[in-house]
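Peer 1: Okay, handing you the structure first.
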Amino acid sequence: MNSLSRLFASLSASTQERHMIELLELNEKTGRFGLTLAPDDIKQVMAARDETLRHYGRLELGIEATKEMIEAFAESPYITQDHFASTLQELHEIFYDLKNETEDKIGDAKLIGIMKDYFDNECAGSLELLRSKLEAFAAEFRIEAMQSEQLGEGEDDE
Amino acid sequence: MNRGMTGKAADENRSLATRSGIRPAALKRSQYTLSLLAEGQRTGLLDSRDVSGVQHQFLLLLHNLIRRHTQGESSSVTTETAEGLLASAMYAVDAYLWSMQDPEKAIACLKTTDIVTLHAEGVEHVRQRLEETKRLYHKVKTQKLDVPVDAYNTTIDESLPIFIKKYNILFDARNTMASIDYPLAVDDMSLQGVFYIKQYLEHLRLENQFCRQWEREDVLRLLKNLGRVCKFDFRIELFNIFELVFQHALFSVLAGGDARSILMTPYQYERLERMFTDAGASTVGTMIDKAIDRLLEQLPAQEPGTKPYMKTCCRDLVRRIVNAAENRQLQAVILTNREEAVKPFVLTLDTEDRMSDVRLRRLLDDIMRSESKEEKVRIIREHFSSLHDVLDLLESDCLYGDEYEALYAELGDMDLAILCKIVFYEELRGAFVDLHDVIQEKQEAERDWQNRLIAFLKRLDDSRIRAIDEWIGNIDYEQLHFY
Numbered sequence: 001m002n003s004l005s006r007l008f009a010s011l012s013a014s015t016q017e018r019h020m021i022e023l024l025e026l027n028e029k030t031g032r033f034g035l036t037l038a039p040d041d042i043k044q045v046m047a048a049r050d051e052t053l054r055h056y057g058r059l060e061l062g063i064e065a066t067k068e069m070i071e072a073f074a075e076s077p078y079i080t081q082d083h084f085a086s087t088l089q090e091l092h093e094i095f096y097d098l099k100n101e102t103e104d105k106i107g108d109a110k111l112i113g114i115m116k117d118y119f120d121n122e123c124a125g126s127l128e129l130l131r132s133k134l135e136a137f138a139a140e141f142r143i144e145a146m147q148s149e150q151l152g153e154g155e156d157d158e
Numbered sequence: 159m160n161r162g163m164t165g166k167a168a169d170e171n172r173s174l175a176t177r178s179g180i181r182p183a184a185l186k187r188s189q190y191t192l193s194l195l196a197e198g199q200r201t202g203l204l205d206s207r208d209v210s211g212v213q214h215q216f217l218l219l220l221h222n223l224i225r226r227h228t229q230g231e232s233s234s235v236t237t238e239t240a241e242g243l244l245a246s247a248m249y250a251v252d253a254y255l256w257s258m259q260d261p262e263k264a265i266a267c268l269k270t271t272d273i274v275t276l277h278a279e280g281v282e283h284v285r286q287r288l289e290e291t292k293r294l295y296h297k298v299k300t301q302k303l304d305v306p307v308d309a310y311n312t313t314i315d316e317s318l319p320i321f322i323k324k325y326n327i328l329f330d331a332r333n334t335m336a337s338i339d340y341p342l343a344v345d346d347m348s349l350q351g352v353f354y355i356k357q358y359l360e361h362l363r364l365e366n367q368f369c370r371q372w373e374r375e376d377v378l379r380l381l382k383n384l385g386r387v388c389k390f391d392f393r394i395e396l397f398n399i400f401e402l403v404f405q406h407a408l409f410s411v412l413a414g415g416d417a418r419s420i421l422m423t424p425y426q427y428e429r430l431e432r433m434f435t436d437a438g439a440s441t442v443g444t445m446i447d448k449a450i451d452r453l454l455e456q457l458p459a460q461e462p463g464t465k466p467y468m469k470t471c472c473r474d475l476v477r478r479i480v481n482a483a484e485n486r487q488l489q490a491v492i493l494t495n496r497e498e499a500v501k502p503f504v505l506t507l508d509t510e511d512r513m514s515d516v517r518l519r520r521l522l523d524d525i526m527r528s529e530s531k532e533e534k535v536r537i538i539r540e541h542f543s544s545l546h547d548v549l550d551l552l553e554s555d556c557l558y559g560d561e562y563e564a565l566y567a568e569l570g571d572m573d574l575a576i577l578c579k580i581v582f583y584e585e586l587r588g589a590f591v592d593l594h595d596v597i598q599e600k601q602e603a604e605r606d607w608q609n610r611l612i613a614f615l616k617r618l619d620d621s622r623i624r625a626i627d628e629w630i631g632n633i634d635y636e637q638l639h640f641y
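Sequence lines, in order, name chains C and G.
Start counting the first sequence at 1; every next residue gets the next number (this note's numbering).
Start counting the second sequence at 159; every next residue gets the next number (this note's numbering).
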């Protein structure tokens, strides 16, 4: 889409700077759990996030989801400072994949909550396991959604 | 169908261009804001900072729309959704800026007013057009033609209501979201969303109003003639009714007849054929132009805009006439009115198809008790398929007076040929006997139904008698020997 590409090109450096500041400010909250992101970490996380969005054919103009993910996962007992930035990069990939696989039918906050719950409990901090659990979750979710749609259509017919 | 005309919009565009230095060809109705930005920058009315500012504001607007679209639950959407939302936002801004009817003013607006405000104005503008479209639809619905043309009926009864119900001003305004099958005579398909449907309904209303000036039976007969000539079932084909009616009203005027008569006689056809043969496009064009004026003199009470609509509709007609005349195929353009060669009511000759005596008596009783000839004919059409049963019916004297004629009018050429063969058996013996002469010379027959048949046949035109005569020569009468 030409007009969209043109508009993207107009995303100014000031916007990126604003995002950087917003994420650095989060360090105050996450620092309580011994986790912080340095400017270079943030650049890496944001670059990985942009690449993931492109890969999954999605668009996000703000960074609300990123902020929610950082805040939620900073509380996890399984994340250490050494792996904070790299874990966040992978979590972004899992998150946007899951958004597509659940066909945008689950809101960001709820989806992040589900991810966090699996990560902290059944997966015990394993990203590999998290991927596979969420894959099964998405498949089941789609079946349920389809059944409820069919039920709705049946009721409409009546 | 003519797609080139943009009507008022085109005129507006032209007049706008004369008032400003901006190239009119560079301003696209479907991408008005983007083309204004490009032209504004080219002419120096906008600088690169203005353009970047507008683009950035569109991004902020999109950000906001994504939030509203996901009801605040998601900050990201698929690229397709984002594209749709942005297209919808631009559609609204385009609508507002286009409504200013002045590109310089619109460019000034882009420079001084923020996009969120322009978008809000645009959404309101689109909403108003949707309300107008709804009112227009109700008018079209109440003035709908009573014709068995599927595409016409489905478009009005099903597709247009779907659009009105599902059109989403905020998130999907550019989408026309309805399957509009019925083709208009003049249709600007470059329009999108509510502007397309509004234009469609305006044109359809004009077409309906025009066609309602003729008797329904005449329009139906014209449709049947079209089906006969094109050898298709007009009920399921895609064609424009207005074009057909209007063109035949024009032909009638050109052939020296009344615009109110759309059923061409063979004589009128021959006259038109002489006029069009060897006439070039410009001559035919002049003839058509004059015919439009004469038509409007005869039918002065027309909707505003009817004349230009007719003129646009005729661009294609002139070319079709010239081509058809060159290829000696004018009969495909000028439909002459003819009785149907073979009606659906076709009798079988096989004695195996006869009904039982009990059933025949019951039906004869029903026919006797029926009060109208239409009802009697309906019973016969529905229940009698064997010639032998029909002959029993005729011999039973359960029809009276013009009821015979009503029944004969329903029979096809082949059925009438069989009855002729029975009534004129002696007279038709010999290879070179002309049916027309036989009918005219026959004074009286034995039975009432036969006398009624002779009177009916005497009123048929020569071409129909010739068609019946051809059948007489082709029917196998082996099974009629007992008559």
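Every residue gets a Cβ at the ideal spot worked out from N, C-alpha and C, and that includes glycine.
If you're wondering where the values come from, they're calculated on a predicted model, not measured in any experiment.
Among G:E282, G:P306, G:L359 and G:F329, which has the Cα closest to the Cα of G:Y295?
Peer 2: Nearest C-alpha to G:Y295: G:L359.
Peer 1: Where do the ends of the beta strand (DSSP E) carrying G:V235 lie?
Peer 2: G:V235 -> beta strand (DSSP E) spans S234 to T236.
Peer 1: When Cβ atoms are compared, which residues of the region 62 to 88 of chain C fall closer than 7 Å to chain G?
Peer 2: Against chain G - using a Cβ distance shorter than 7 Å - the residues of the region 62 to 88 of chain C are G62, E64 and A65.
Peer 1: CB G:F397 to CB G:L384, shorter than 9 Å?
Peer 2: Closer than 9 Å, so yes.
Peer 1: Given this structure, state the Cα-to-Cα distance separating G:P261 from G:A253, to the nearest angstrom.
Peer 2: The alpha-carbon atoms of G:P261 and G:A253 are separated by roughly 12 Å.
Peer 1: Helix or strand or just coil, what does DSSP make of G:T506?
Peer 2: In this structure, G:T506 counts as strand in the three-state DSSP scheme.
Peer 1: Do we get a CB-CB distance below 9 Å when we pair G:A240 with the residues of chain C?
Peer 2: Yes, G:A240 counts as interfacial toward chain C.
Peer 1: Would G:T334 count as contacting chain C if we go by Cβ distances under 9 Å?
Peer 2: It does not: the Cβ of G:T334 has no partner Cβ on chain C nearer than 9 Å.
Peer 1: Helix, strand or coil for C:L26 per DSSP?
Peer 2: In the structure shown, C:L26 sits in a helix (DSSP, three-state: H, G or I).
Peer 1: So, G:H221 versus G:A250, is the Cβ gap smaller than 9 Å?
Peer 2: Contact flag unset, no.
Peer 1: If we ignore side chains and look at the alpha-carbon of each, how far apart do G:R617 and G:A567 end up?
Peer 2: Whole-angstrom Cα-Cα distance: 11 Å.
Peer 1: Can you confirm whether C:D104, when its beta carbon is compared against all beta carbons of chain G, has any partner nearer than 9 Å?
Peer 2: Chain G, which has a Cβ nearer than 9 Å to the Cβ of C:D104, makes this yes.
Peer 1: Our contact map puts G:V480 next to G:A439 with C-beta atoms below 8 Å; I'd like the distance itself, whole angstroms only.
Peer 2: That pair is a contact at about 5 Å.
Peer 1: So the candidates are G:I492, G:I525 and G:R536; which of them puts its Cα closest to the Cα of G:Q405?
Peer 2: Considering only alpha carbons, the answer is G:I492.
Peer 1: Would C:Q147 be called buried (16 or more neighbouring beta carbons within 10 Å of its own) or exposed?
Peer 2: Flag for C:Q147 reads exposed.
Peer 1: For G:R285, list the residues DSSP reports as bridge partners.
Peer 2: Bridge partners of G:R285: none, in fact.
Peer 1: Which of the three DSSP states, helix, strand or coil, is assigned to G:V344?
Peer 2: The answer is strand: DSSP assigns G:V344 an E or B state.
Peer 1: For the putative contact between G:I320 and G:A336, defined by C-beta atoms under 8 Å, what is the C-beta separation to the nearest angstrom?
Peer 2: Confirmed, about 5 Å.
Peer 1: So, with DSSP's three-state summary, where would you put G:T494?
Peer 2: Here G:T494 sits in strand by DSSP.
Peer 1: Assign G:M445 to one of three DSSP states: helix, strand, or coil.
Peer 2: The answer is helix: DSSP assigns G:M445 an H, G or I state.
Peer 1: Any idea if G:D627 is buried or exposed, counting beta-carbon neighbours within 10 angstroms, 16 or more meaning buried?
Peer 2: Burial call: buried.
Peer 1: Can you confirm whether C:R58, when its beta carbon is compared against all beta carbons of chain G, has any partner nearer than 9 Å?
Peer 2: Closer than 9 Å to some Cβ of chain G, the Cβ of C:R58 qualifies, so yes.
Peer 1: What does C:G31 reach in chain G if we use C-beta pairs closer than 8 Å?
Peer 2: None at all; the shortest Cβ gap to chain G is about 24 Å.
Peer 1: Give the DSSP bridge partners of G:G544, in chain order.
Peer 2: Here residue 544 of chain G is Ser; the residue named in the question, Gly, does not match the sequence. Its beta-bridge partners are G:T506.
Peer 1: Give the list of continuous alpha helix (DSSP H) stretches no shorter than 4 residues that lie fully inside the region 36 to 122 of chain C.
Peer 2: Fully enclosed alpha helix (DSSP H) runs of 4 or longer: 39 to 55, 64 to 74, 84 to 101 and 108 to 120.
Peer 1: Nearer than 8 Å: is that true of the beta carbon of C:Q81 relative to any heavy atom of the ligand ATP?
Peer 2: Only the bare structure without any ligand can be found here, which leaves the ligand ATP out of the picture.
Peer 1: G:A499 CB to nearest chain C CB: under 9 Å?
Peer 2: Note on G:A499: pLDDT 45, under 50, position unreliable in the model; the coordinate value appears next. With 9 Å as the cut-off, G:A499 does not count as an interface residue toward chain C.
Peer 1: Work out the CA separation of G:C369 and G:P458 for me, nearest whole Å.
Peer 2: Looking at the two C-alpha atoms, the distance is approximately 14 Å.
Peer 1: Please confirm whether C:A109 has its beta-carbon closer than 9 Å to some beta-carbon of chain G.
Peer 2: With 9 Å as the cut-off, C:A109 counts as an interface residue toward chain G.
Peer 1: Any C-beta of chain G within less than 8 Å: which residues of the region 30 to 55 of chain C qualify?
Peer 2: Cβ contacts with chain G come from L53.
Peer 1: Pull up the distance between the alpha-carbon of G:L194 and that of C:D117, whole angstroms please.
Peer 2: Each residue's Cα considered, the two are about 51 Å apart.
Peer 1: Whole angstroms is fine: what's the gap from G:A245's alpha carbon to G:F390's?
Peer 2: Computed Cα separation, rounded: 42 Å.
Peer 1: Using a Cβ-Cβ cut-off of 6 Å (strictly less than) and excluding sequence neighbours within five positions of G:A309, which residues of its own chain qualify?
Peer 2: D339, Y340 and L396, listed in sequence order.
Peer 1: Three-state secondary structure (DSSP) at G:M513?
Peer 2: Coil.
Peer 1: Can you tell me which of C:E101, C:I79 and C:Q150 puts its alpha carbon nearest to the alpha carbon of C:A139?
Peer 2: If we check each option's Cα against that of C:A139, C:E101 comes out closest.
Peer 1: Please report the residue range of the alpha helix (DSSP H) in which G:C472 lies.
Peer 2: Run containing G:C472: T464 to E484, per the alpha helix (DSSP H) assignment.
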